[in-house]
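Enquirer: Dumping the structure here so I can ask a few things about it.
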Amino acid sequence: MKIVIDCYGADYSPDELVKGAITSVNLIEDVEIILTGNQEEIQKVMDEVGYKGNKIEIVDAKDVISCNESPTMAIRRKKDSSLVAGLNILKDREDVIGMISAGSTGAVLAGGLFVIGRMDGVKRPALAPFLPTMTGGKTLLIDCGANVDCKPEYLQQFAIMGSIYVKSMLGIENPRVGLISNGVEEHKGNEQIHQTFELLKNTPEINFVGNMEAREMLSGDYDVLVCDGFTGNVALKSAEGTIKCFMEVLKQEIKAGGVRAKTGYLFMKKALKKIKARLNYTDVGGSPFLGINKILVKSHGSSKAKTIYSCVLQVMEIHKSNYIEKMREGIKNSSIAGEE
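At the far end of the sequence shown sits residue 346, using this note's numbering, and the numbering has no gaps.
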């Protein structure tokens with residue numbers, strides 16, 4: 007299986023992206039990686055690491071799309087960028103199963119739409135990461151930033167797409183769908199939420215369990231969390247920030263607590279490591295862009311080698327689940343197929 011990695015546009019480009027690719031081909035037997043970006047710089051990192059294998063291909067692409075550029079204009083003008091080069095490889099080569107980019111989210115989304123294209127019947131593709139839950143499972147947040155302004159019909163389809171994806175990836179036959187609102191009561195929320203609630207309540211393909219509050223996101227009581235991209239992005243970053251804050255405050259209090267706190271830490275060390283592992287997004291991978299014709303994963307802008315390795319595993323898992331065909335079939339046969 008061949009996977010493209012865009013090596014530029016991220017905080018630690020190209021070093022950590024290249025190191026993540028090397029880790030992947032060293033640890034995973036049936037994967038090959040195609041790296042796009044400045045060939046000389048990428049080769050320099052490979053030489054420094056000491057990689058001498060034949061499972062990594064470099065495609066030279068000198069331009070870089072930054073987060074400060076207009077995504078649409080950058081995709082159209084910078085044909086020799088690492089991102090566009092990778093997208094074209096993903097589109098044109100049948101032996102390439104997916105692509106990973108930690109670059110500009112807007113540019114990745116624009117490229118996914120304009121270069122790869124959305125599936126027939128999909129109104130708006132969406133970014134949908136898995137989040138860890140308190141019960142040890144996962145919950146899907148859809149959308150987390152691709153569509154800031156959404157019509158209720160888009161959210162209805164997000165619920166359908168999210169349910170198909172969760173069923174495909176986690177094997178949950180009847181995923182519980184919750185609509186993020188400011189209260190669980192049916193009358194809570196703004197006009198968008200009210201209209202979406204009525205649509206979801208009457209959508210036969212999903213198991214809609216009602217409104218839910220953001221504080222219950224990680225409770226494990228929901229399998230799919232539906233919202234517009236603005237709400238989802240704020241919720242996702244709030245959750246990441248809260249987890250980071252909790253771990254840092256815990257570390258500070260242990261250091262400041264003297265001998266008794268440090269002794270307690272020694273007894274709790276194994277449990278605390280398990281907690282950190284369960285809440286660490288670097289082990290989860292990135293956010294797949296659901297609703298386009300190939301697997302495209304947006305990784306965190308601050309991704310390091312371990313995160314890229316997790317994304318490679320994620321792309322392989324998505325491919326093996328036959329998600330693309332299941333999503334096409336599910337959208338085609340949905341009760342809202344053909345509506346716009």
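For each residue, glycine too, the CB sits at the ideal point set by N, CA and C.
Compute the distance between the beta-carbons of residue 8 and residue 121, then report whether it is under 8 Å.
Expert: Taking the first residue of the sequence shown as position 1, residue 8 is located at position 2. Taking the first residue of the sequence shown as position 1, residue 121 is located at position 115. In this structure, residue 121 does not lie closer than 8 Å to residue 8 by Cβ.
Enquirer: For residue 241 versus residue 199, is the C-beta spacing smaller than 8 Å?
Expert: Along the sequence shown, one-based indexing puts residue 241 at 235. Along the sequence shown, one-based indexing puts residue 199 at 193. Their beta carbons are not under 8 Å apart, which means residue 241 does not touch residue 199 by this criterion.
Enquirer: To the nearest angstrom, report how far apart residue 268 and residue 249 are at their CA atoms.
Expert: Stepping through the sequence shown from its first residue, residue 268 is reached at position 262. Stepping through the sequence shown from its first residue, residue 249 is reached at position 243. Whole-angstrom Cα-Cα distance: 21 Å.
Enquirer: Determine the extent of the beta strand (DSSP E) in which residue 182 is found, giving its start and end residues.
Expert: Locating residue 182 in the sequence shown gives position 176, where the first residue counts as 1. It spans 182 to 187 - the beta strand (DSSP E) in which residue 182 sits, taken as one unbroken run.
Enquirer: Have a look at 213, 10 and 152 and flag the residue whose alpha-carbon is nearest the alpha-carbon of residue 63.
Expert: Numbered from its first residue, the sequence shown carries residue 63 at position 57. Out of 213, 10 and 152, 10 has the C-alpha closest to the C-alpha of residue 63.
Enquirer: By the DSSP assignment, the beta strand (DSSP E) with residue 11 in it spans what residues?
Expert: In the sequence shown, residue 11 corresponds to position 5, counting from 1. Residues 8 to 12.
Enquirer: Note down, in chain order, each residue of its chain lying with its Cβ closer than 7 Å to the Cβ of residue 48, except the 5 sequence neighbours on either side.
Expert: Position 42 of the sequence shown, counted from the start, is the residue given in the question as residue 48. Contacts found: 13, 20, 24, 41 and 64.
Enquirer: If I measure Cβ to Cβ from residue 206 and keep anything under 8 Å in the same chain, skipping five residues before and after, which residues do I get?
Expert: Within the sequence shown, the letter at position 200 stands for residue 206. Contacts found: 161, 162, 165, 183, 185, 212, 214 and 232.
Enquirer: Less than 8 Å between C-beta atoms, sequence neighbours within five positions excluded: which residues of the same chain meet that for residue 220?
Expert: Position 214 of the sequence shown, counting from 1, holds the residue named residue 220. Here the set comprises 186, 241 and 244.
Enquirer: Tell me, please, which residues DSSP counts as bridged to residue 132.
Expert: Looking up residue 132 in the sequence shown gives position 126. The partner list for residue 132 (beta bridge, DSSP) reads 296.
Enquirer: Straight-line CA distance for residue 58 to residue 32?
Expert: Taking the sequence shown and counting its residues from 1, one reaches residue 58 at position 52. Taking the sequence shown and counting its residues from 1, one reaches residue 32 at position 26. So the alpha carbons of these two residues sit roughly 11 Å apart.
Enquirer: When DSSP builds the beta bridges, which residues end up paired with residue 87?
Expert: For the purposes of this step, residue 87 is taken as the residue at position 81 of the sequence shown. For residue 87, which the question treats as bridged, DSSP gives the partners 69.
Enquirer: Beta strand (DSSP E) containing residue 107: first to last residue?
Expert: Counted from its first residue, the sequence shown places residue 107 at position 101. It spans 102 to 107 - the beta strand (DSSP E) in which residue 107 sits, taken as one unbroken run.
Enquirer: Please give me, in chain order, every unbroken run of the beta strand (DSSP E) with length at least 3 that falls completely inside the segment 116 to 181.
Expert: Whole beta strand (DSSP E) segments, 3+ residues: 136 to 138 and 144 to 148.
Enquirer: Which residue comes first and which comes last in the beta strand (DSSP E) that contains residue 41?
Expert: For this step, residue 41 is matched to residue 35 along the sequence shown. Looking at the DSSP string, the run of the beta strand (DSSP E) that includes residue 41 is 38 to 43.
Enquirer: Buried or exposed for residue 130, please, with buried defined as at least 16 other CB atoms from any protein chain shown within 10 angstroms of its CB.
Expert: Taking the sequence shown and counting its residues from 1, the one referred to as residue 130 is at position 124. With 16 or more other Cβ atoms within 10 Å, it is buried.
Enquirer: Please name the residue in 263, 128 and 99 whose C-alpha comes closest to that of residue 333.
Expert: By one-based count along the sequence shown, residue 333 stands at place 327. Selected option, being the one with the closest Cα: 128.
Enquirer: Please look up how many angstroms separate the CB atoms of residue 15 and residue 133, rounded, as I've assumed it's under 8 Å.
Expert: The residue you call residue 15 lines up with position 9 of the sequence shown. The residue you call residue 133 lines up with position 127 of the sequence shown. Not quite, the Cβ-Cβ distance comes to about 16 Å (not below 8 Å), so this is no contact.
Enquirer: Taking residue 229 and residue 146 to be in contact with their CB atoms under 8 Å, please state how far apart those CB atoms are, rounded to whole angstroms.
Expert: Position 223 of the sequence shown holds residue 229. Position 140 of the sequence shown holds residue 146. Correct: roughly 7 Å between the Cβ atoms.
Enquirer: Taking its Cβ as the centre, do 16 or more other Cβ atoms sit within 10 Å of residue 140, making it buried, or is it exposed?
Expert: Taking the first residue of the sequence shown as 1, we reach residue 140 at position 134. With fewer than 16 Cβ atoms within 10 Å of its Cβ, residue 140 is classed as exposed.
Enquirer: Could you tell me whether the segment 257 to 271 touches the segment 109 to 120, using the rule of 3 or more Cβ pairs below 8 Å?
Expert: Touching, no, given that fewer than three Cβ pairs across the two stretches are closer than 8 Å.
Enquirer: What is the C-beta distance between residue 315 and residue 29, in whole angstroms, given that I count them as a contact (C-beta under 8 Å)?
Expert: For the purposes of this step, residue 315 is identified with residue 309 of the sequence shown, where counting begins at 1. For the purposes of this step, residue 29 is identified with residue 23 of the sequence shown, where counting begins at 1. Correct: roughly 5 Å between the Cβ atoms.
Enquirer: Cβ atoms of residue 293 and residue 135: under 8 Å apart, would you say?
Expert: By one-based count along the sequence shown, residue 135 stands at place 129. By one-based count along the sequence shown, residue 293 stands at place 287. Cβ distance < 8 Å, so residue 135 and residue 293 count as in contact.
Enquirer: In chain order, what residues of the same chain have a beta carbon less than 6 Å from the beta carbon of residue 17, not counting five sequence neighbours either side?
Expert: By one-based count along the sequence shown, residue 17 stands at place 11. 307 and 308.
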